[in-house]
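**Q** Numbering (the numbering used here), first residue to last: -8 to 633.
Take a look at this one; I'll ask things after.
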């Protein structure tokens, strides 16, 4: 695709098409050409409210970015598709829109004052220096999030209304103490148990398995034993890192880059100053006299009924009024001056000066050389990739085209689709994108030149495919024999344990049966669900599960974590009580309150969705984020047709 697009871009057909596009943009407008209007483009709709494909994509991008920051790794569209994240997000949006429209229908809307106070809690909308609302900053934040300012204000109002609705739903709500007490009794209940363990040495070992038995065992476990498909690959890579070491730095280019970057590399002079607005020149001169006489800027500003602006250790470019900044940076420390700025008259006083520092060429040399070497390397790699692509398009094989481009090719593999070799180790030099490209080709197939990011390119050829298959019995006979033998011993231990358990159920004591087996009896008293967690590693989950579901006197068998099978009897059940029961009941009550609130909240959103007859289009949502549609068009009531 990469090569085809590049070749097409050079053709006369592309030139004509681009000319037609320019004309269409001029006549119809860019938005109409690509969107065809917003009519009918609703991922979610409820009443008058709609979430369009563009809005859904913006919401998806914001959510995906937050999840990637939390996870510390990128989230691919394949992961989104496999986990059904797109559908869950559509359902979440549908619930939000439904609740918002329901609240409007009920007349539940926050006041302007409430929205204003909530708005002021968002620092991104305010100037960090003056602390005042900055309309341009507000519009910039909205644009960065693909939202309009009106949409942000509407969302703040909806969130406040929903918060107040939830508060009303749970006001005074408390779970009955009887329910919490039952949960506490369940948690504090203690049990006494006695058991003994059948070990592998207590059963006769099985004989050596036959080849027929091992073959049948392989077939039973084919899913675990089948080897994946492997491929042998030829790969050519174009990487800036591979050529950077051979690039020499031109001193003239280094000097030129230093002159261009000197200001950004150096530390600018900064100043701490105060700016006081003045309504006219007379007022400004009076302020100058007051400040020169020793009055504080705060007192002078207060007397003039204005708010002073403090710039704390800021460069000249940080001063909002350009002319005021230029004048302030011509003053000496503690000097005062009245300035006619672009935004009005102001009085400035310089409180402190921190001199700037110019970085020398020698200090900047390592960083600048690295920049120049990286830029030159990327140019060289692009030239190599162009030479390779031209040769490959002309009919040369991957190896021949690589040689003409001045780079070498390498043979890798056998490698599985997961990027590991036949020994289960990662194959050096491979990336996930290379592997995905290779496994999308047939045997003998060669990819076009693929852009890998960061200035890198690659092309891959599939030399040989080793199909997925069960390994030959001879190769895995020893390992299979060990596993088969362990399985047979386990079965014999389970049968032996059931035999002993049957004797106990018929009236023999657990101690007598354990003695006949040559096993010691273990006793555990007052084992509750809290202490059970601390014994899980030693006893095993299956044994503990049997202890807490058995009735008093019941005999049971279970696997433990020591490769043995346990024969046990529940001796007694002790109900909890005392001060701990009361504390646990109160703690359980709080947790149950939270669970009940979550269920009530979910029920209210489901009711709102049904009442507002929400419609969703899962296919449109998938297409908006770059996935293939998988369902028929959405039906009414928020359900999609299968």
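Idealized CB from N, CA, C, for every residue including glycine.
These numbers were taken from a predicted model, which means no experiment stands behind them.
How many angstroms separate the CA atom of residue 52 from the CA atom of residue 388?
**A** Within the chain shown, the letter at position 61 stands for residue 52. Within the chain shown, the letter at position 397 stands for residue 388. Going by the C-alpha atoms only, they are around 41 Å apart.
**Q** In terms of DSSP beta bridges, what is residue 337 paired with?
**A** What you label residue 337 is simply residue 346 of the chain shown in a count that begins at 1. According to DSSP, which records beta bridges pairwise, residue 337 is partnered with 268, 330.
**Q** Can you check the segment 451 to 481 for any alpha helix (DSSP H) of at least 4 residues that lies completely inside it and give the ranges in chain order?
**A** With a minimum length of 4 residues, no continuous alpha helix (DSSP H) run stays inside the segment 451 to 481.
**Q** Measuring straight from C-alpha to C-alpha, what distance separates residue 54 and residue 490?
**A** Position 63 of the chain shown, counted from the first residue, corresponds to residue 54. Position 499 of the chain shown, counted from the first residue, corresponds to residue 490. Residue 54 and residue 490: Cα-Cα distance of roughly 58 Å.
**Q** Would a C-beta distance cut-off of 9 Å place residue 395 and residue 378 closer than the cut-off?
**A** Counting from one through the chain shown, the residue named residue 395 turns up at place 404. Counting from one through the chain shown, the residue named residue 378 turns up at place 387. Contact flag set, yes.
**Q** Could you tell me the boundaries of the alpha helix (DSSP H) in which residue 80 lies?
**A** One-based indexing of the chain shown puts residue 80 at position 89. It spans 76 to 97 - the alpha helix (DSSP H) in which residue 80 sits, taken as one unbroken run.
**Q** Alpha carbons only, please: which of 407, 348, 478 is nearest the one belonging to residue 257?
**A** Position 266 of the chain shown holds residue 257. For the residues 407, 348, 478, the minimum Cα distance to residue 257 belongs to 348.
**Q** Looking at C-beta atoms only, is the number of pairs between the segment 318 to 330 and the segment 338 to 358 that lie closer than 8 Å three or more?
**A** Judged by Cβ distances under 8 Å, the segment 318 to 330 makes contact with the segment 338 to 358, as three or more pairs qualify.
**Q** Residues in its own chain within less than 7 Å of residue 93 by CB, not counting five upstream and five downstream?
**A** What you label residue 93 is simply residue 102 of the chain shown in a count that begins at 1. These residues qualify, in order along the chain: 599, 602, 603.
**Q** For the beta strand (DSSP E) that contains residue 43, what are its first and last residues?
**A** If you number the chain shown from 1, residue 43 lands on position 52. First-last of the beta strand (DSSP E) with residue 43: 40 to 43.
**Q** In whole angstroms, give me the CA-to-CA distance for residue 475 and residue 208.
**A** Sequence index remark: in the chain shown, residue 475 carries index 484 (1-based). Sequence index remark: in the chain shown, residue 208 carries index 217 (1-based). One C-alpha to the other measures close to 7 Å.
**Q** Kindly indicate which residue of 512, 382, 276, 407 has the alpha-carbon position closest to the one of residue 397.
**A** By one-based count along the chain shown, residue 397 stands at place 406. Nearest option by C-alpha distance: 382.
**Q** Quick check on the DSSP output: what are the complete beta strand (DSSP E) runs of length 3 or more inside the segment 396 to 458, in order along the chain?
**A** Runs found: 401 to 407, 441 to 444, 447 to 457.
**Q** From the DSSP output, read off the bridge partner residues of residue 364.
**A** The sequence position of residue 364 within the chain shown is 373, counting from 1. Looking at the DSSP assignment, residue 364 forms no beta bridge with any residue, so it has no partner.
**Q** DSSP on residue 217, reduced to helix/strand/coil?
**A** As a first step, residue 217 must be located in the chain shown, where it is residue number 226. DSSP places residue 217 in coil when its eight states are reduced to three.
**Q** From residue 150 to residue 606, what does the alpha carbon distance come to, in whole angstroms?
**A** Within the chain shown, numbered from 1, the residue matching residue 150 stands at position 159. Within the chain shown, numbered from 1, the residue matching residue 606 stands at position 615. So the alpha carbons of these two residues sit roughly 21 Å apart.
**Q** Quick one: give me the first and last residue of the beta strand (DSSP E) that residue 515 is part of.
**A** Here the question's residue 515 lines up with position 524 in the chain shown. Residues 513 to 519.
**Q** Say whether the segment 229 to 246 touches the segment 301 to 311, bearing in mind that this needs 3 or more beta-carbon pairs closer than 8 Å, one atom from each stretch.
**A** Contact between the segment 229 to 246 and the segment 301 to 311 is absent, because fewer than three Cβ pairs lie under 8 Å.
**Q** Confirm, please, whether the CB-CB distance from residue 97 to residue 35 is below 9 Å.
**A** As a working mapping, residue 35 is identified with position 44 in the chain shown. As a working mapping, residue 97 is identified with position 106 in the chain shown. Against a cut-off of 9 Å, the Cβ pair of residue 97 and residue 35 comes out as no contact.
**Q** For residue 612, which three-state DSSP category applies?
**A** Working through the chain shown from its first residue, we reach residue 612 at position 621. Looking at residue 612 - three-state DSSP - the assignment turns out to be helix.
**Q** With DSSP collapsed to three states, give me the class of residue 591.
**A** Translated into positions along the chain shown, residue 591 becomes position 600. In the structure shown, residue 591 sits in a helix (DSSP, three-state: H, G or I).
**Q** Given a cut-off of 9 Å on the beta-carbon distance, is the pair residue 400 and residue 225 in contact?
**A** Counting from one through the chain shown, the residue named residue 400 turns up at place 409. Counting from one through the chain shown, the residue named residue 225 turns up at place 234. For residue 400 and residue 225, yes; Cβs fall inside 9 Å.
**Q** According to DSSP, what are the bridge partners of residue 228?
**A** Numbered from its first residue, the chain shown carries residue 228 at position 237. DSSP output for residue 228 lists 449 as bridge partner(s).
**Q** Provide the residue span of the alpha helix (DSSP H) that contains residue 665, from first to last.
**A** Look at the range of the chain in this structure, -8 to 633, and you will see that residue 665 is not part of it.
**Q** What are the partner residues of residue 345, as DSSP defines its beta bridges?
**A** For this step, residue 345 is matched to residue 354 along the chain shown. DSSP, once it has assigned bridges, lists 261 as partnering residue 345.
**Q** Quick check: residue 421 and residue 403, are their CB atoms within less than 9 Å of each other?
**A** For the purposes of this step, residue 421 is taken as residue 430 along the chain shown, with counting starting at 1. For the purposes of this step, residue 403 is taken as residue 412 along the chain shown, with counting starting at 1. Yes, the Cβ-Cβ distance between residue 421 and residue 403 is below 9 Å.
**Q** Taking residue 615 as the reference, give the member of 49, 39, 38, 40 with the closest Cα.
**A** Residue numbering aside, residue 615 sits at position 624 when the chain shown is read from its first letter. Here the closest residue by C-alpha is 49.
**Q** Going by DSSP in three states, residue 635 sits in which element: helix, strand or coil?
**A** With the chain covering only -8 through 633, there is no way to say anything about residue 635.
**Q** Compare the beta carbon distance of residue 619 and residue 611 with 9 Å and say whether it is the shorter of the two.
**A** For the purposes of this step, residue 619 is identified with residue 628 of the chain shown, where counting begins at 1. For the purposes of this step, residue 611 is identified with residue 620 of the chain shown, where counting begins at 1. Against a cut-off of 9 Å, the Cβ pair of residue 611 and residue 619 comes out as no contact.
**Q** What's the gap between the Cα of residue 669 and the Cα of residue 481?
**A** For the chain, the structure presents residues -8 to 633; residue 669 sits outside this window and is missing.
**Q** Look at residue 548 and residue 488 and say whether their C-beta atoms are less than 9 Å apart.
**A** Taking the first residue of the chain shown as 1, we reach residue 548 at position 557. Taking the first residue of the chain shown as 1, we reach residue 488 at position 497. Yes.
**Q** Can you give me the Cβ contacts of residue 301 inside the same chain, cut-off strictly under 7 Å, excluding the 5 residues immediately before and after it?
**A** Taking the first residue of the chain shown as 1, we reach residue 301 at position 310. Excluding positions up to five away in sequence, the list reads 265.
**Q** Starting from residue 563, trace the beta strand (DSSP E) both ways and give me its first and last residue.
**A** For this step, residue 563 is matched to residue 572 along the chain shown. Here the beta strand (DSSP E) through residue 563 covers 556 to 565.
**Q** Taking the alpha carbon of residue 647 as the point to measure from, which residue in 514, 416, 539, 277 has its own alpha carbon closest?
**A** The structure shown does not extend to residue 647, since the chain is modelled only from -8 through 633, so no value can be given for it.
**Q** For residue 302, which residues does DSSP report across the bridge?
**A** Sequence index remark: in the chain shown, residue 302 carries index 311 (1-based). Residue 302 pairs with 264.
**Q** For the alpha helix (DSSP H) containing residue 505, list its first residue and its last residue.
**A** Along the chain shown, one-based indexing puts residue 505 at 514. Per DSSP, residue 505 belongs to the alpha helix (DSSP H) from 501 to 508.
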